[in-house]
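In our numbering, the protein residues as written are 21 to 412.
In this text, a Cβ means the ideal position worked out from N, Cα and C, and glycines have one as well.
What follows is one structure encoded as structure tokens, with my remarks underneath.
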Amino acid sequence: MSKLFQILFIALFLFNCSGNLQNKRKISNHKKIEYKAIPRIDQNDNYGIHILLNLPNTLFVFQKSKNHFIANYQISIAILDSSNSQIKHHSWKGIKKVDFFEETRTEAKSISIGHFFPIEPNKYSFSILIEDLDSKYRWNKKIPLRNYSKDFLSPILVSQNKSELKFEGATIPEKTDNINLKVSYHFSNIDIDSLLYITCYNDKKIVLKDSLTINQHSNIINYNMKLSEYWLGELEIQFDYMDISENLKLNLPGNNSRYWKDINTTAKIMTYILSSSEIRELKTLSKKEKILFLKNYWKTIDPTPNTEQNEIMNEFFERVDYVSNNFAEIGPGWQSDRGRTYILFGPPEHIEITNQNNQGYKFEIWHYNSGKQFIFIDEGILGNYRLYREIN
């Protein structure tokens, strides 16, 4: 894509995006509350269970306070035994403070907290109550009964935030080339000749193998893993030491990962915004090369490369989602004239439906704030609209 074409495309796309925010549908794939219970040895060599929580900022109502925005919350955690009787409970209040309003509505920003319960190995379940003290919203989460053994492997995904390691849940952030894994462990018997084996699976295929030496004088391993551009969907990481095994399942970056699985269809959809030379080049590439080519394309037009989200890519695929659900006619929604128009120009300011033709044909007229209009005609009276006229 030429530099001029890129600039024009970004300007047009963002203009139509910002001009119709009030008409955008609500996105259903919001980041969820993430929670996990793992056995751990604390700094005093006490065994216990660590409850980890990752709560997106969008969960809470933030109040303006001087130069900040503040959310007040309370967390309550109860431990239950195999007979469902409560044996321990802990509750505490917290405050989340951010500097900018945008941070309160950004799912990439979250509260990462937890609590360690010193307790003997046994079977436990957990009940978690999360409360927004301002809005009075409440969320109840359950961790089902399982056996927490004396010997264990406990891998989690963490992000490096200054000097603090934060629990990230099961979703790898966007724009991530490497991930940090923190593995807590305890073994009654350590064989100095045995290794900790790490095996990664993607799409049911082994994509990475590694091994590490266990340190007898520690109970923590920090492991950094490089991600491949070609890994899509779910990443399953298996940890094995002697007869102890543990799996960690992670969702790879991007709300649009399903589009990378069917890369040939994605390439066809993106012909709406690619230049002729880029389309010709795409046709010569293998599937893996197409993935890399299109991902690099989105990187080059990312309007905010220093943030965790690629807003223009997310907006594009959100529009594709919408037309797939609303404008499927004889073929997929993105192939229809209304679908193509929606992808390129976004939701119209308003839609006018008329029956002005003597033959009874139905018309849809899309009006945009820019003055642009698109007139679609349904000649078969079956909802199969084609573009009849475009008015600048």
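Within the model, the alpha-carbon separation for Ser-155 versus Gln-83 is close to 10 Å.
Here the alpha carbon of Gln-106 sits roughly 51 Å from the alpha carbon of Lys-319. Three or more beta-carbon pairs separated by less than 8 Å are not found between the stretch 93-106 and the stretch 206-214, which leaves the two stretches without contact.
Burial check for His-70: the Cβ neighbour count within 10 Å reaches 16 or more, so the residue is buried. Nearest to Asn-142 by C-alpha distance, out of Phe-120, Ser-111, Phe-207 and Pro-59, is Pro-59. In the three-state reduction of the DSSP assignment, Met-262 falls in the coil class. DSSP places Arg-166 in the strand class (E or B) of the three-state scheme. By the Cβ test, the stretch 247-259 is in contact with the stretch 185-201, since at least three Cβ pairs between them sit closer than 8 Å. Restricted to the stretch 182-221, the beta strand (DSSP E) segments that are unbroken, complete and at least 3 residues in length are 184-189 and 198-206, listed in chain order.
DSSP lists no bridge partner for Gly-403. A Cβ-Cβ separation of about 6 Å places Phe-337 in contact with Tyr-279 under the 8 Å criterion.
For the options Glu-256, Thr-219 and Met-262, the alpha carbon positioned closest to that of Ile-234 is the one of Met-262. For Gln-393, the three-state secondary structure derived from DSSP is strand.
Two segments are said to touch when three or more pairs of C-beta atoms, one from each, lie closer than 8 Å; by this definition the stretch 112-129 does not touch the stretch 156-169. Lys-186 is a Cβ neighbour of Ser-132, given a cutoff of 7 Å.
Remark: C-beta atoms of Pro-368 and Trp-386 approach each other more closely than 7 Å. With contacts defined as CB atoms closer than 7 Å, Tyr-221 and Leu-173 fail to qualify as a contacting pair.
Where Leu-314 is concerned, the enclosing alpha helix (DSSP H) starts and stops at 307-320. Straight-line measurement puts the Cα of Leu-294 at about 36 Å from the Cα of Leu-177. Under the 8 Å Cβ criterion, the stretch 279-291 counts as touching the stretch 307-324, having at least three qualifying pairs. Spatial neighbours of Asn-345 in its own chain (CB-CB distance under 8 Å, excluding positions within 5 residues in sequence) are listed in chain order as Gly-353.
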